[in-house]
Amino acid sequence: MTTNKHIAMWTCARSRSTLMTRAFQQLDGCVIFDEPLYPPYLATQGGDHPHKSEMIEMYETNYEKVISKITGDLPQGYSFSFQKHTANNLPQNSDLNWLLCLENFFPIRHPRDMIASRQKIYNYPKKFTLHEIGMEDLYNLFILIQEGTEKVPVVVDSTDVIKNPDKVLQALCTQIGVCYSDKMLRWQPGMRKTDPVWAKTWYNTIINSSGFLPFTQQEITLPEHLNPVFEECLHFYEKLYQYRLIV
């Protein structure tokens, strides 16, 4: 493992990415960066968020400074960073070559489940845009990294992780160059110092969890006004799904 190994997980909101982050957080030598690009995105490109002003005040909002931190030297005592990002928070019209020095992977979730989970958080009939959900941005980033590295980035379906966390996480760790431990399967409930300020709105399930729970299939019917964006997202999800890690 190199001195500055940085693992970047690129995802869409409500794709169980915080669950994945909790799992990797249990590994020795891991430092977490939880959506460090989000405050710069809100500060420079707008967007709506219940903690927006608080986030801009608390966190670094300069893209260049954030990128320097997540690609630079690791804090003393750590052997790798695990970074959670969403593709729609990347700076627009800028050089993204810095992404190629990261070990990138892409967890995905069926957009029906993802959109339903997002709707539940907002608790009102919001009409999401394709950019807000980020599925097209995620696919475009996948292609950019594939072309830049000349290899197919790792894709993992988060439902596969829930169904078989031990085997899927082992396979994922092998692919991204991290030593797997069964410590990834369980943890103490509660907040972490690395949890961002918006955790109190978005992370309730994870904060109260102590590990992976058995998978249960739920019947989900989206409201009619969300069907158009669901169909758009499904197109890009299926493009990524064909590359998913199979164990």
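In terms of my numbering, the sequence shown opens at residue 760 and continues consecutively.
Ideal Cβ positions, reconstructed from N, Cα and C, are used throughout, including at glycine.
This structure is a prediction, so every number in the text was calculated from the model and none was measured.
Return no unless some Cβ of chain C is closer than 8 angstroms to the Cβ of Lys-910. Chain labels in this structure do not include chain C; a single protein chain is all it has.
Any heavy atom of the ligand SAM closer than 7 angstroms to the Cβ of Glu-978? Inclusion of the ligand SAM in the displayed structure is not the case, the ligand content being empty and no account of it being possible.
Assuming Gln-784 and Arg-945 are in contact, meaning their beta carbons sit under 8 angstroms apart, how far apart are those beta carbons, in whole angstroms? 12 angstroms between Cβ atoms; not a contact.
Drop a sphere of 10 angstroms on the beta-carbon of Gly-805, count the other beta-carbons inside from all chains shown, and report buried for 16 or more, exposed for fewer. exposed
Please state whether DSSP places Ile-1005 in a helix, a strand or coil. coil
Counting along the chain, where does the alpha helix (DSSP H) carrying Asn-963 start and finish? 963 to 966
CB contact flag (Tyr-996, Ile-867, <8 angstroms): yes
Using alpha carbons as the reference points, say which of Val-825, Val-911 and Thr-918 lies closest to Asn-863. Val-911
Mind checking Lys-843: buried by the 16 CB within 10 Å criterion, or exposed? buried
Would you list the one or two residues that DSSP bridges to Ile-766? Phe-841 and Glu-862
Which residues share a DSSP beta bridge with Gln-791? Inspection of the sequence shows that residue 791 is occupied by Ile rather than by Gln. Its beta-bridge partners are Phe-841.
For Leu-993, which residues in the same chain have their Cβ closer than 6 angstroms to its Cβ, ignoring the five residues on either side in sequence? Pro-870
How is Val-825 classed by DSSP in three states: helix, strand or coil? helix
Could you tell me if Thr-777 is buried or exposed, where buried requires 16 or more neighbouring beta carbons within 10 angstroms of its beta carbon? buried
Among Asp-954, Ile-965 and Val-915, which has the Cα closest to the Cα of Met-817? Asp-954
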